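Residue numbers (our numbering), protein chains in the order written: chain S, 199 to 419; chain P, 199 to 419. Worksheet: the structure to be examined is printed underneath.
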DNA sequence: TCAAAAGTGTTCAGACTACACCCATGA
DNA sequence: TCATGGGTGTAGTCTGAACACTTTTGA
């Protein structure tokens, strides 16, 4: 099992980035290269339990707001030595939680990845593609955002995860209409430059939910 | 590995049904119940190759127009005896190809499944949900339809796979606008009841392709 | 009073559904 | 010429992108 764990970093600054959790290999093969966290499955646990257990060594498990299966990588020669099959997972950690990391482990921006071990590079790319797609038709943003947030913050989070800037106006309307976000009624304090105080929102659910199931060919009625 | 292989049966009649390929277990455990085709992975093949090899015993491999990974089922107690992990696949066979089947193997309508072995029932349900979703945002219909077809036939195929009737008019326009289907220029002969001859179409590609990537939050421009 | 940030209003285009209407064929 | 099945026209709704404009704050 291998997990691609994402978090949006630097939410308060103006240039947030989508980061992925990697650890640096101390031993051959691929010494010095960066790898996804993971490990072997035990006989008494299922895959999801196993991934959560493996990640507990890297990040606080309670901070993983969403975890789902991605693809299985099974090419016979994908790693040297005994034949190994990798079942990959997508994990999401909300901002701004910054759990303590072991010394060999770091967050890396997905737009500037270090040399990656084995076939872990394509796995990160696959995971991001899946995240991008799900941002547009599910409420999966709940797993990246703080509990309460201003719309401009959410705009930056979506922008980092999608890889392009989105309009806060339309984000509010799309997510509002679908019932994905709810206003809390409270407002944030403006920064030192002034500006109108921002209304705060939260995600309505903290479980993934498909909000826009059919692009076309939806059932009649 | 286990494969959920679908085909739409009775395309020429007026009530086509979505069928799944099952074989009946002759031995305990679960003797007499119906199971998905599959088998064990060899050390020198990847999962896709393995699934194709396993299915060759059941259906002609050339008839599998599409094959993709689904989920991994890994609960420790999902089958009795030694712990087994099932990686499931979705396979699609075009109509009206009707390959010869071994005596223990049959097509069963998904709406009227026999008693299923182990956890294979939920696997079929999961596969159909994925198929339904992909019909609306990809060109995956190519793997269920004949090479050339009238729109009313395609309407029945989509209806069987989706579980509800669709409008042939709008199907034509949606798939036409997206470039999924192309008119061949030829027409079919009317049946004995008369009626205007139907124009024939074919799918433009025979490889899966996402046609409607973003439900919302698409990139600017 | 001005700049900055947030929020609202408005317009526009595209996609999809539903349904009425027209066309071509066999008996 | 009529029943049958196929195809086209069209209206109407909904969604979302873009962008101008207004509101609320700190300095």
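Ideal placement from N, C-alpha and C gives every residue a C-beta, glycine not left out. On a predicted model such as this, the values are computed, not experimentally measured, just so you know.
Mapping DSSP to helix, strand and coil, what is residue 203/P?
-> strand
Report the residue from 305/P, 402/P, 235/P, 387/P whose alpha carbon sits nearest the alpha carbon of residue 380/P.
-> 402/P
Does residue 267/S have its Cβ less than 8 Å from a Cβ in chain P?
-> yes
Indicate the three-state DSSP secondary structure (helix, strand or coil) for residue 399/S in the structure shown.
-> strand
Listed from N- to C-terminal order along the chain, which residues in the segment 253-285 of chain S have their beta-carbon within a distance smaller than 9 Å of any beta-carbon of chain P?
-> 267, 269, 270, 271, 272, 273, 274, 276, 281, 283, 285
Looking at the unbroken beta strand (DSSP E) that takes in residue 269/P, where does it start and where does it end?
-> 264-271
Residues sharing a beta bridge with residue 304/S, DSSP = 220/S
Applying the criterion that 16 or more other CB atoms from any shown protein chain within 10 Å of the CB defines a buried residue, is residue 254/P buried or exposed?
-> exposed
Flag this pair as yes or no: are the beta carbons of residue 269/S and residue 286/S separated by less than 8 Å?
-> yes
Own chain residues within Cβ distance below 6 Å of residue 277/S, not counting five before or after | 316
Report buried or exposed for residue 362/S, applying the criterion of at least 16 other Cβ atoms within 10 angstroms of its Cβ.
-> exposed
Can you tell me the Cα-Cα spacing of residue 382/P and residue 352/P, whole angstroms?
-> 14 Å
Tell me, please, whether the segment 359-374 of chain S touches the segment 342-349 of chain S by the rule of three or more beta-carbon pairs shorter than 8 Å.
-> yes
For the candidate residues 323/S, 199/S, 354/S, whose alpha-carbon lies nearest to that of residue 343/S?
-> 354/S
So which residues on chain P does residue 412/S lean against when the C-beta distance must stay under 7 Å?
-> 334
Beta carbon of residue 328/P, beta carbon of residue 290/P: below 8 Å?
-> no
On the three-state DSSP scale, how would you describe residue 290/S?
-> strand
In angstroms with no decimal places, state the Cα-to-Cα distance between residue 359/P and residue 305/P.
-> 14 Å
Use the C-beta contact count for residue 341/P: other C-beta atoms within 10 angstroms, 16 or more gives buried, fewer gives exposed.
-> buried
Going along chain P in order, which residues have a C-beta closer than 8 Å to the C-beta of residue 242/S?
-> 274
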